[in-house]
Amino acid sequence: MDLTKLNFKENFQLFKSALNQSDFIAIDAEFSGLYNKLKLNPLDEFGDRYEILRKNLKQYVLLQVGICCFELLTPGEYKCYPFNFNIFPYSHEQSKDFNTAFLCDSNTLTFLADNKFDFNKVIYSGIPYISMMNLKSLIRQTKPLLSPTPTPALSRELELINRCIYSQIGEHEHTKERVLSTEEPILSADQPDLELTADTNETESNFDNLVIMTSFNQILQLVSQSNKRTVFHNGFLDLFHIMNQFYGPLPEKWDDFKSMVHSFFPKIFDTKYLACIDPFRDHIDQSSLATVYELFSAKFPLNITFPPQFDRYTPGGIEYKHEAGYDAMMTGHIFGSMLLLGVKIDKFVNEIFLGMQGVFHFSPTKRDIRPQRDNVLHFSTKSPRDKISKEEITDLLSPFTRVNNFWYHNNSVFVMLQKSLRKVDLLNFRTSCVHTKYHIMSYEEYYNAKRKIGYYEPEPNTKRNKNSVNKQQQTPKFHSKYSVESSNGNKSVNTDTQTVFPNVDDWDP
Numbered sequence: 022m023d024l025t026k027l028n029f030k031e032n033f034q035l036f037k038s039a040l041n042q043s044d045f046i047a048i049d050a051e052f053s054g055l056y057n058k059l060k061l062n063p064l065d066e067f068g069d070r071y072e073i074l075r076k077n078l079k080q081y082v083l084l085q086v087g088i089c090c091f092e093l094l095t096p097g098e099y100k101c102y103p104f105n106f107n108i109f110p111y112s113h114e115q116s117k118d119f120n121t122a123f124l125c126d127s128n129t130l131t132f133l134a135d136n137k138f139d140f141n142k143v144i145y146s147g148i149p150y151i152s153m154m155n156l157k158s159l160i161r162q163t164k165p166l167l168s169p170t171p172t173p174a175l176s177r178e179l180e181l182i183n184r185c186i187y188s189q190i191g192e193h194e195h196t197k198e199r200v201l202s203t204e205e206p207i208l209s210a211d212q213p214d215l216e217l218t219a220d221t222n223e224t225e226s227n228f229d230n231l232v233i234m235t236s237f238n239q240i241l242q243l244v245s246q247s248n249k250r251t252v253f254h255n256g257f258l259d260l261f262h263i264m265n266q267f268y269g270p271l272p273e274k275w276d277d278f279k280s281m282v283h284s285f286f287p288k289i290f291d292t293k294y295l296a297c298i299d300p301f302r303d304h305i306d307q308s309s310l311a312t313v314y315e316l317f318s319a320k321f322p323l324n325i326t327f328p329p330q331f332d333r334y335t336p337g338g339i340e341y342k343h344e345a346g347y348d349a350m351m352t353g354h355i356f357g358s359m360l361l362l363g364v365k366i367d368k369f370v371n372e373i374f375l376g377m378q379g380v381f382h383f384s385p386t387k388r389d390i391r392p393q394r395d396n397v398l399h400f401s402t403k404s405p406r407d408k409i410s411k412e413e414i415t416d417l418l419s420p421f422t423r424v425n426n427f428w429y430h431n432n433s434v435f436v437m438l439q440k441s442l443r444k445v446d447l448l449n450f451r452t453s454c455v456h457t458k459y460h461i462m463s464y465e466e467y468y469n470a471k472r473k474i475g476y477y478e479p480e481p482n483t484k485r486n487k488n489s490v491n492k493q494q495q496t497p498k499f500h501s502k503y504s505v506e507s508s509n510g511n512k513s514v515n516t517d518t519q520t521v522f523p524n525v526d527d528w529d530p
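Each residue of the sequence shown is one higher than the last, beginning at 22 in our numbering.
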């Protein structure tokens with residue numbers, strides 16, 4: 022089902038119903054740009070990679086989000102509800118406050134155009150949303166209008182006030198805080214039979230505008246509240262942009278970002294990560310979405326039916342490839358096929374593909390385990406006038422080991438060796454290079470010299486009994502402005518001003 026602001030209202034309840042009935046959901050997104058021009062180092066640490074992306078990608082926006090709901094009928098049989106949401110930042114010709122400036126990448130737009138992406142539909146008919154920063158500003162502007170002068174406590178006004186109160190304190194399934202009752206009157210009436218004033222009409226008008234402006238925000242709130250298994254394929258960038266645009270601004274620290282992600286999506290599965298591990302990788306030779314979908318569909322076919330109104334992606338709908346809804350459908354199909362293997366897939370929850378050298382995934386709920394890089398050396402020149410030469414470095418290392426790869430980083434280079442050097446060999450190698458133009462460090466020395474933000478120190482060697490829990494696998498206690506202590510001990514996001522209404526199930530646009 023292709024959704025715009027023209028048919029969003031009439032299909033909102035249909036989405037809620039499909040979501041509530043689903044066994045799991047799959048999400049995919051299309052952006053206005055990627056990071057093609059960024060020089061990402063495969064040896065980046067977690068925090069370094071996040072910082073680069075945070076600074077360079079936060080001005081791109083989502084243009085399309087696909088959410089596909091899979092209702093389990095019998096093992097291997099599903100009813101499929103694919104929703105393709107065309108979205109666009111809210112704007113109003115009479116208001117400069119909510120004008121959104123964003124970047125586009127020519128390569129990305131060309132790719133989307135080649136795949137029949139309808140930019141006019143997105144711009145003219147995209148479902149509105151606003152950023153968290155604009156939402157906070159709107160609440161500050163709207164609040165005074167809710168009690169301008171004493172007016173009768175009509176039920177409609179009480180409803181508006183109740184919703185706006187919740188819009189500021191939020192409601193999240195793990196949040197402990199509750200609004201206490203008060204004996205102080207919220208409204209007072211000078212004349213019990215007073216009719217609605219112009220101020221009241223303005224209040225209702227402002228509330229109606231708020232509903233329109235946050236249309237797609239409510240969809241994501243429903244997804245978060247549903248606590249369903251949520252499936253992505255190579256989902257890091259999808260999560261990055263969703264957090265940035267709907268729950269941001271993004272925190273500066275990597276650990277705070279992980280905490281933020283887990284608060285809103287507590288049960289994430291990444292089919293690209295799954296495709297790279299046993300037993301799933303035995304069935305494929307590549308992990309791209311199209312390849313994994315094709316192979317798993319053939320080897321582990323599902324019986325999928327599309328209800329009326331959802332036949333856009335039935336067999337033969339390949340012309341919608343790279344439409345967010347279609348890619349979400351493929352992602353969910355892969356996950357359903359993987360379930361047929363009988364693997365206890367829940368043990369892979371919250372493992373998200375990242376694709377860095379030596380560490381290809383991360384978990385929002387676990388400590389980051391730094392990879393061993395004993396076979397990596399860092400070379401820099403002693404003088405900025407000197408240039409690094411691969412041939413020279415290869416010759417210098419030839420008596421000790423062979424070189425596998427080079428990665429340039431600013432005015433230096435990381436060199437991956439075929440094998441790690443013993444300490445004595447590393448010492449001898451450095452001694453032999455004393456009079457060269459190079460300054461040489463092991464990767465660990467380079468890392469310790471450069472370290473700036475939130476990495477975990479190795480646990481000290483302490484005696485543990487055989488029943489103790491491996492500390493590497495414990496959920497870290499994130500100390501973040503996004504976290505609050507919940508009644509069940511989990512960390513969840515502090516939802517102050519992040520939930521527009523108390524319960525989206527009660528909202529009918």
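Just so you know, even glycine gets a beta-carbon here, dropped at the ideal spot from N, CA and C. Computed from a predicted structure; not experimentally measured.
What is the rounded straight-line gap between the Cα of residue i and the Cα of residue j?
| i | j | result |
| --- | --- | --- |
| Asp367 | Lys79 | 32 Å |
| Asn107 | Pro385 | 28 Å |
| Lys458 | Lys403 | 6 Å |
| Val313 | Ile160 | 45 Å |
| Met281 | His254 | 20 Å |
| Phe435 | Asp332 | 51 Å |
| Asp291 | Lys249 | 14 Å |
| Lys320 | Gln307 | 15 Å |
| Val424 | Asp259 | 36 Å |
| Val232 | Leu241 | 14 Å |
| Ser146 | Pro287 | 32 Å |
| His456 | Phe450 | 12 Å |
| Lys293 | Asp49 | 13 Å |
| Phe119 | Met264 | 19 Å |
| Gln42 | Phe91 | 8 Å |
| Tyr268 | Asn77 | 18 Å |
| Gly379 | Met437 | 11 Å |
| Thr136 | Glu51 | The sequence as given places Asn at residue 136; Thr does not occur at that position. Rounded to whole angstroms, Asn136 to Glu51 spans 12 Å at the Cα level. |
| Asp389 | Asp276 | 9 Å |
If I measure Cβ to Cβ from residue i and keep anything under 6 Å in the same chain, skipping five residues before and after, which residues do I get?
| i | result |
| --- | --- |
| Tyr347 | Tyr334, Tyr341 |
| Cys89 | Ala47, Pro103, Ala349, Met350, Gly353 |
| Pro272 | Phe278 |
| Lys26 | Ser146, Ile148 |
I'd like to know whether the C-beta atoms of residue i and residue j end up nearer to each other than 8 Å.
| i | j | result |
| --- | --- | --- |
| Phe123 | Val82 | yes |
| Ser247 | Leu40 | yes |
| Pro149 | Phe109 | yes |
| Ala345 | Val143 | no |
| Met22 | Tyr111 | no |
| Phe67 | Phe369 | no |
| Cys567 | Thr326 | In the structure as shown, the chain starts at 22 and stops at 530, and residue 567 therefore has no counterpart that could be examined. |
| Gln439 | Thr422 | yes |
Between which residues of its own chain and residue i is the CB-CB distance below 7 Å, once the five residues before and five after are set aside?
| i | result |
| --- | --- |
| Leu55 | Asp126, Thr129 |
| Pro270 | Met154 |
| Phe257 | Ile373, Phe374, Leu375 |
| Gln266 | Val82, Leu83, Ser152 |
Leaving aside the five residues before and after residue i along the sequence, list all residues of the same chain whose C-beta is less than 8 Å from its C-beta, in chain order.
| i | result |
| --- | --- |
| Phe554 | A query on residue 554 cannot be resolved here, the shown segment of the chain reaching from 22 to 530 and no further. |
| Asn432 | Ser401, Thr402, Pro405, Ile409 |
| Lys484 | The pLDDT assigned to Lys484 is 40, lower than 50, so where the model puts this residue is not dependable; a value taken from the coordinates is nonetheless given after this. Here the set comprises nothing. |
| His262 | Ala50, Phe52, Leu78, Tyr81, Val82, Leu83 |
For residue i, which three-state DSSP category applies?
| i | result |
| --- | --- |
| Ser441 | coil |
| Glu51 | strand |
| Gln242 | helix |
| Met22 | coil |
| Gly363 | coil |
| His343 | coil |
| Glu424 | In the sequence under discussion, the amino acid at residue 424 is Val, which differs from the Glu named in the question. Looking at Val424 - three-state DSSP - the assignment turns out to be strand. |
| Ile42 | Checking the displayed sequence, the identity of residue 42 turns out to be Gln instead of Ile. The answer is helix: DSSP assigns Gln42 an H, G or I state. |
| Leu83 | strand |
| Ile414 | helix |
| Glu273 | coil |
| Leu94 | strand |
| Gly531 | There is no way to answer for residue 531, as the model of the chain reaches only from 22 to 530. |
| His456 | coil |
| Asp291 | strand |
| Gly256 | coil |
| Phe327 | coil |
| Arg388 | coil |
| Val380 | strand |
* Any contact of the region 59-78 with the region 29-49, i.e. 3+ C-beta pairs under 8 Å? -> Contact fails: fewer than three Cβ-Cβ distances are below 8 Å.
* **Sufficient close CB pairs (3 or more, under 8 Å) joining the region 446-466 to the region 398-405** => yes
* Touch check for the region 285-299 and the region 82-98: three-plus C-beta pairs under 8 Å? -> no
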